[in-house]
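Participant: Please find one structure pasted underneath; my questions will follow.
There are 2 protein chains.
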Amino acid sequence: MAIGERYDAIREAALTTFARRGFHHASVREVARAAHLSLAGLYHYVGGKDELLFLVLDRGLDTLLTMADAALTSARTPETRLLALIRTHLEFGFAHADALRVVNRDWELVTAAHRAEVVARRRAYMDRWLAVLAELDPHGRGERELFSATNLLLGMLNGIAVPRFLKTADDARALAAQIGALFLYGFLERSVDDGEPATVGGTHDG
Amino acid sequence: MAIGERYDAIREAALTTFARRGFHHASVREVARAAHLSLAGLYHYVGGKDELLFLVLDRGLDTLLTMADAALTSARTPETRLLALIRTHLEFGFAHADALRVVNRDWELVTAAHRAEVVARRRAYMDRWLAVLAELDPHGRGERELFSATNLLLGMLNGIAVPRFLKTADDARALAAQIGALFLYGFLERSVDDGEPATVGGTHDG
DNA sequence: TGGGCCCGTTCGAACGCTCGTTCGGTCGGA
DNA sequence: TCCGACCGAACGAGCGTTCGAACGGGCCCA
Numbered sequence: 139m140a141i142g143e144r145y146d147a148i149r150e151a152a153l154t155t156f157a158r159r160g161f162h163h164a165s166v167r168e169v170a171r172a173a174h175l176s177l178a179g180l181y182h183y184v185g186g187k188d189e190l191l192f193l194v195l196d197r198g199l200d201t202l203l204t205m206a207d208a209a210l211t212s213a214r215t216p217e218t219r220l221l222a223l224i225r226t227h228l229e230f231g232f233a234h235a236d237a238l239r240v241v242n243r244d245w246e247l248v249t250a251a252h253r254a255e256v257v258a259r260r261r262a263y264m265d266r267w268l269a270v271l272a273e274l275d276p277h278g279r280g281e282r283e284l285f286s287a288t289n290l291l292l293g294m295l296n297g298i299a300v301p302r303f304l305k306t307a308d309d310a311r312a313l314a315a316q317i318g319a320l321f322l323y324g325f326l327e328r329s330v331d332d333g334e335p336a337t338v339g340g341t342h343d344g
Numbered sequence: 139m140a141i142g143e144r145y146d147a148i149r150e151a152a153l154t155t156f157a158r159r160g161f162h163h164a165s166v167r168e169v170a171r172a173a174h175l176s177l178a179g180l181y182h183y184v185g186g187k188d189e190l191l192f193l194v195l196d197r198g199l200d201t202l203l204t205m206a207d208a209a210l211t212s213a214r215t216p217e218t219r220l221l222a223l224i225r226t227h228l229e230f231g232f233a234h235a236d237a238l239r240v241v242n243r244d245w246e247l248v249t250a251a252h253r254a255e256v257v258a259r260r261r262a263y264m265d266r267w268l269a270v271l272a273e274l275d276p277h278g279r280g281e282r283e284l285f286s287a288t289n290l291l292l293g294m295l296n297g298i299a300v301p302r303f304l305k306t307a308d309d310a311r312a313l314a315a316q317i318g319a320l321f322l323y324g325f326l327e328r329s330v331d332d333g334e335p336a337t338v339g340g341t342h343d344g
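Taken in order, these protein sequences are the chains called A and B. With the first sequence counted from 1, adding 138 to any position gets you the working numbering. With the second sequence counted from 1, adding 138 to any position gets you the working numbering.
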């Protein structure tokens, strides 16, 4: 097994273990077992538990940012850019449910050694949303208000971007359209002509 | 000190400790220290760590349900009932930030002995929302769809009902009106005449 | 009335366990 | 022979929980 694959296996083991048990409750022994390695064998590759968390967070945020940027470049208008971000976020939640769970729940638990980098990644992602909302905003809202609106929207997305509501890729797409319409109604204070009614929670299981 | 006060002190100590550190990372020793009791002294009153969590969850959910029901009885129309629920949820998040944090983050960690009761309380709270949304619904949505809509709304509320966005009681009131208008736009697919525009994130800090 | 006793309250100390981490060593390919 | 890969075993610390004992105010019976 190549060394790169070994690292991939370790990161994957840490990801699923942390997602299932939570960072604090998960033990390095569990991660080692999931990676088909002994405890000491795992320590040959990583410096400690904190580094395992950083590996997971770093890769997760990197994937999320890459997906978001790819979606942004292929969208022309501010409205479609917002819808693209929403859809990307939900698709990330569908394709990488474990990663989103760890990123949202355990990112604060990373120690000072890696915190700055994680915070910077999260901030970079937030900036994508802020830029789009600033483009869209018809009221000249200040930075603080746009920041609040972003948190509102992300809170909504993270509340719904769980496996329970994302059973298929179609769920993610349908929900994205619905949430986008829902949010734009309120944010722009006018109807969005996206050609379909803004029903909430139509196709997925409850 | 009366025995009731002792239990109150223990519950309060467990609440703040669990909220700050998370259930798993918090130790019974910390709770004992916060309750001005020795470790063994604390065990004289409670059976174990799990019971401490149950004490906190039970009281928190009880308060939330009581506040919600009180708000519901004084609202006449479905719209105002929904706004009352939203406002109550945010006011609870403002007045009992620690309790909301534990209820949202750690409720799954309660062991089987107390799980049924906690689940029942959560379900009872959810039922309040479902009943109001069913009244409001102009499209004859099914139970599954209404359940999804409720989760969407609660996800949004829990994302925003944190101390960062709730610095004063006015923040809670203003945000409630804004979120209510935002959600009703999408849910009813028509403007809600509540006499003020649905700006997002107006008065609170970001 | 007073001495002895009970019992709720509280504690120090320890139990067994799991944790994150380290160390000394073996093994196999270059 | 060297060196990276990998492991068994152990370390010290902290965990949840338990135990035996000490304290102290109220009660019974002489």
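For each residue, glycine too, the CB sits at the ideal point set by N, CA and C.
Going by beta carbon distance, what residues of the same chain come within less than 6 angstroms of A:A94, once the five residues before and after it are set aside?
Facilitator: The displayed coordinates of chain A run from 139 to 344. Any statement about residue 94 of chain A would go beyond what the structure contains.
Participant: Contact between the region 165-183 of chain B and the region 144-157 of chain B: three or more CB pairs below 8 angstroms?
Facilitator: With a cut-off of 8 angstroms, the region 144-157 of chain B and the region 165-183 of chain B count as touching, because enough Cβ pairs lie within range.
Participant: List, in order along the chain, the chain B residues whose C-beta lies closer than 9 angstroms to that of A:G186?
Facilitator: Here residue 186 of chain A refers to the residue found at position 48 of the first sequence. Those within 9 angstroms of A:G186 in chain B number zero; the least Cβ separation is about 17 angstroms.
Participant: Identify which residue in A:L313, A:F321, A:L202, A:T249 has its Cα closest to the Cα of B:E283.
Facilitator: Working through the second sequence from its first residue, we reach residue 283 of chain B at position 145. Out of A:L313, A:F321, A:L202, A:T249, A:L313 has the C-alpha closest to the C-alpha of B:E283.
Participant: In angstroms with no decimal places, state the Cα-to-Cα distance between B:M264 and A:E143.
Facilitator: Position 126 of the second sequence, counting from 1, holds the residue named residue 264 of chain B. Position 5 of the first sequence, counting from 1, holds the residue named residue 143 of chain A. Those two C-alpha atoms are separated by around 45 angstroms.
Participant: Check each candidate in B:R243, B:V256, B:E217, B:A206 and name the one with the smallest Cα separation from B:V300.
Facilitator: As a position in the second sequence, residue 300 of chain B is number 162, starting the count at 1. B:V300 has its Cα closest to that of B:R243, out of B:R243, B:V256, B:E217, B:A206.
Participant: In chain A, which residues lie with their C-beta within 8 angstroms of the C-beta of B:F303?
Facilitator: Sequence index remark: in the second sequence, residue 303 of chain B carries index 165 (1-based). Simply S286, N289.
Participant: For B:A164, count the other beta carbons within 10 Å of its own beta carbon; 16 or more makes it buried, fewer makes it exposed. Which is it?
Facilitator: Position 26 of the second sequence, counted from the first residue, corresponds to residue 164 of chain B. It counts as buried.
Participant: Do the region 219-228 of chain A and the region 178-186 of chain A meet, that is, are 3 or more Cβ pairs less than 8 angstroms apart?
Facilitator: Cβ pair count under 8 angstroms is below three, so no.
Participant: How big is the Cα-Cα spacing for A:R259 and B:T215?
Facilitator: Numbered from its first residue, the first sequence carries residue 259 of chain A at position 121. Numbered from its first residue, the second sequence carries residue 215 of chain B at position 77. Using only the alpha carbons, I get a separation of about 45 angstroms.
Participant: Among the residues of its own chain, which have a CB less than 8 angstroms from the CB of B:E255, if the five just before and after it don't count?
Facilitator: Your numbering for residue 255 of chain B matches position 117 in the second sequence. Contacts found: F192, D196.
Participant: According to DSSP, is A:S165 helix, strand or coil?
Facilitator: Position 27 of the first sequence, counted from the start, is the residue given in the question as residue 165 of chain A. DSSP places A:S165 in coil when its eight states are reduced to three.
Participant: Should B:L292 be flagged as near chain A, meaning a C-beta pair shorter than 8 angstroms?
Facilitator: Along the second sequence, one-based indexing puts residue 292 of chain B at 154. Yes - at least one Cβ of chain A is within 8 angstroms of the one on B:L292.
Participant: Nearest chain B C-beta to A:N242 closer than 8 angstroms, yes or no?
Facilitator: Here residue 242 of chain A refers to the residue found at position 104 when the first sequence is read from its first residue. Closer than 8 angstroms: no.
Participant: Between B:I224 and chain A, is the shortest Cβ-Cβ distance under 8 angstroms, so that the two count as touching?
Facilitator: Residue mapping note: residue 224 of chain B aligns to position 86 of the second sequence, counting from 1. B:I224 does not count as touching chain A.
Participant: Is DSSP giving A:A314 helix, strand or coil here?
Facilitator: Translated into positions along the first sequence, residue 314 of chain A becomes position 176. Reduced to three states, the DSSP call for A:A314 is helix.
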